[in-house]
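Heads up, the thing below is written out as C-alpha cells.
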Amino acid sequence: MSDAERAERIFAGQILCFCGFAGAMALRDHADWLARAALPESSPVAAQTLLARDEYLDRVAALRGRFAADPRTVQLLNAALASVGVDLARCYRDRIGLRVLPYGDRHAGGRMATTHPHRDTWGSRLYTQINWWTPVYPLTVGRTIGFYPDYWKRPIANTSACWDYREYRDRLRDAPPGRAPDYPAAPEPAEAVAGPARRVIPKPGDLLCFSAAHLHVGVRNHTNQARFSVETRTVCADDIQAERTAPNVDGPPGPPMYRWFRGARDRAPLAGAVERPGISVERK
235 MSDAERAERI
245 FAGQILCFCG
255 FAGAMALRDH
265 ADWLARAALP
275 ESSPVAAQTL
285 LARDEYLDRV
295 AALRGRFAAD
305 PRTVQLLNAA
315 LASVGVDLAR
325 CYRDRIGLRV
335 LPYGDRHAGG
345 RMATTHPHRD
355 TWGSRLYTQI
365 NWWTPVYPLT
375 VGRTIGFYPD
385 YWKRPIANTS
395 ACWDYREYRD
405 RLRDAPPGRA
415 PDYPAAPEPA
425 EAVAGPARRV
435 IPKPGDLLCF
445 SAAHLHVGVR
455 NHTNQARFSV
465 ETRTVCADDI
475 QAERTAPNVD
485 GPPGPPMYRW
495 FRGARDRAPL
505 AGAVERPGIS
515 VERK
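Be aware that the sequence shown starts at 235, since it is given in this note's numbering, and climbs by one per residue.
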C-alpha cells in the first residue's frame, strides 16, 4: 500500500493490520531473542513470577534499553515498514520501543504501567502522525490494545492543555529505571469514557497501523502473562506538504512536536524539513 493510500484510509479513521509480512516477523523474532537473553528463557511472559519485583523491573528496563539501542532493531524496523509500502526516503520516525505490561499491579511501574485512554495527538499535536504496533507473543482479550472508534469525531474533555512534556521528561529522568515518575506519561481524559474499548488481537508479527488521533488504551492486564509489544510512530513528509491529516476534535493549541521525529534512513530532523513561513515548531 502506498503512503498516499495508507494516509487516506488512516486519516479517515480506518485501523489497518498488515498480516504475514516477513519483515515484521523478523522484527518480532529479534525482540523475542533479546527478551529470552534478558529474562528466564523458558518463559519471558511469566518471568515476573520467577524473579523478585525489583530484579524484574531492573531486567526489563535493561532489556528495553538494549532493544532501542541495538542497530539491528532499527534495520529490522525499517525493513518491516518498507515491506508494507512505506517510502523510507519520505518517512520520519519517533523512537522505537519495546513495551512490557506485567499482569496485576505489583510489578507495574514507569513505562510498564497500563496506559489510560488517550490520543497520541494530545501530546504531539501532530495530526499526520501514524502509530505502528505489533505483539511479540500471543495476545488474548485480557492483554491487548483497545480502541474507542465512536470518539473518532467526538470530543472528550482532557488534560492536554496543562500537560507538559518537558515536565514529564524531567521527572522520568530523575526516577529509578523502570519506576514511575510522579507525573502522568501522557494527557488523560478529564471525564469518563462512554462504553468499553473495542479490543483487537493481532498475531505476533502482524503490524497494526492507526492514526495517532484515535482514542485508544492499553487493556488492563488481568491474565497470568505479561504483554510484550513493539511500537513506533511515523510521519510522512508528503502528508505534511499535501496537508493530509486526521481531524482535531479536542486537541490543544500549540506548535507540533516535529522535533520528536527523524528520518528513517538518515536521521535528519523533521523540523528542518518542514520549516517554512507559517509553520512553527516546538523546539524545547
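The beta-carbon is built from N, C-alpha and C at its ideal position, and this holds for glycine as well. Being a predicted model, the structure only gives us computed values, none of them experimental.
Tell me which residues share the same chain as L250 and place their Cβ nearer than 6 Å to its Cβ, disregarding the 5 neighbours each side in the sequence.
Only residues of its own chain outside the window of five on either side were considered, and among them C443 have a CB closer than 6 Å to the CB of L250, listed in chain order.
Backbone CA spacing between S236 and C470 [nearest angstrom]:
Going by the C-alpha atoms only, they are around 11 Å apart.
What does the Cβ neighbour count give for K518, buried or exposed, with the cut at 16 atoms within 10 Å?
Since pLDDT at K518 reaches only 43, below the 50 mark, its modelled position is unreliable, and the value read off the structure follows with that caveat. Label assigned to K518: exposed.
Straight-line CA distance for F462 to Q282?
C-alpha separation (whole angstroms): 13 Å.
Within 10 Å of its beta-carbon, does R432 have 16 or more other beta-carbons around it, so buried, or fewer, so exposed?
Burial call: exposed.
Whether or not the stretch 307-327 and the stretch 282-291 are in contact is what I'm after, with contact meaning three or more pairs of Cβ atoms, one per stretch, closer than 8 Å; do they touch?
The stretch 282-291 is not in contact with the stretch 307-327.
Separation of A271 from A391, as counted between CA atoms:
Roughly 43 Å separates the two Cα atoms.
For G488, count the other beta carbons within 10 Å of its own beta carbon; 16 or more makes it buried, fewer makes it exposed. Which is it?
Exposed, because fewer than 16 other Cβ atoms sit within 10 Å of the Cβ of G488.
I244 versus M491, T349, R478 and C253, residue with shortest Cα-Cα distance
From the listed residues M491, T349, R478 and C253, the smallest Cα separation to I244 is found for R478.
Residue from K437, R333, R501 and P481 whose Cα sits closest to the Cα of A241
Closest option to A241, Cα to Cα, is P481.
Using 8 Å as the Cβ pair cut-off and three pairs as the minimum, do the stretch 361-379 and the stretch 394-413 touch?
Segments in contact, no.
Bridge partner(s) assigned by DSSP for C443
DSSP lists L250 and W366 as partners of C443.
Cβ neighbours of A313 in the same chain (closer than 8 Å, five flanking residues each side left out)
Result list for A313: G257, A260 and L261, in chain order.
Quick check on the DSSP output: the alpha helix (DSSP H) that includes R454 runs from which residue to which?
Looking at the DSSP string, R454 is not in any alpha helix (DSSP H), and its letter there is neither H nor E.
4 or more residues per run - each alpha helix (DSSP H) lying fully within the stretch 393-436
Residue ranges of uninterrupted alpha helix (DSSP H) with 4 or more members, entirely inside the stretch 393-436 and ordered along the chain, are 399-408.
Under three-state DSSP, which class holds D277?
In the sequence as displayed, the identity of residue 277 is Ser instead of Asp. S277: coil per DSSP, three-state reduction.
In the DSSP assignment, the alpha helix (DSSP H) including G357 goes from what residue to what residue?
Run containing G357: T355 to S358, per the alpha helix (DSSP H) assignment.
Bridge-paired residues (DSSP) for H352:
H450, per the DSSP bridge assignment.
Since L297 is in the alpha helix (DSSP H), which residue starts that stretch and which ends it?
That run of the alpha helix (DSSP H) goes R287 to A303.
Exposure label - S358; buried when at least 16 CB within 10 Å:
With 16 or more other Cβ atoms within 10 Å, it is buried.
Residues near P423 by beta carbon distance below 6 Å, same chain, minus five either side:
Only P351, I390 and N392 meet the Cβ criterion.
Please state whether DSSP places E465 in a helix, a strand or coil.
Looking at E465 - three-state DSSP - the assignment turns out to be strand.
By a C-beta neighbour count over all protein chains shown, 10 Å radius and 16 as the cutoff for buried, is C325 buried or exposed?
Of the other Cβ atoms in all chains shown, 16 or more fall within 10 Å of the Cβ of C325; this residue is therefore buried.
Measuring CB to CB, does P503 end up less than 9 Å from F495?
Cβ atoms of P503 and F495: closer than 9 Å.
Please determine whether the Cβ atom of C253 lies at a distance below 8 Å from any heavy atom of the ligand SAH.
In terms of ligand content, the structure shown is empty, and the ligand SAH therefore cannot be addressed.
In this structure, does DSSP put V318 in helix, strand or coil?
Here V318 sits in coil by DSSP.
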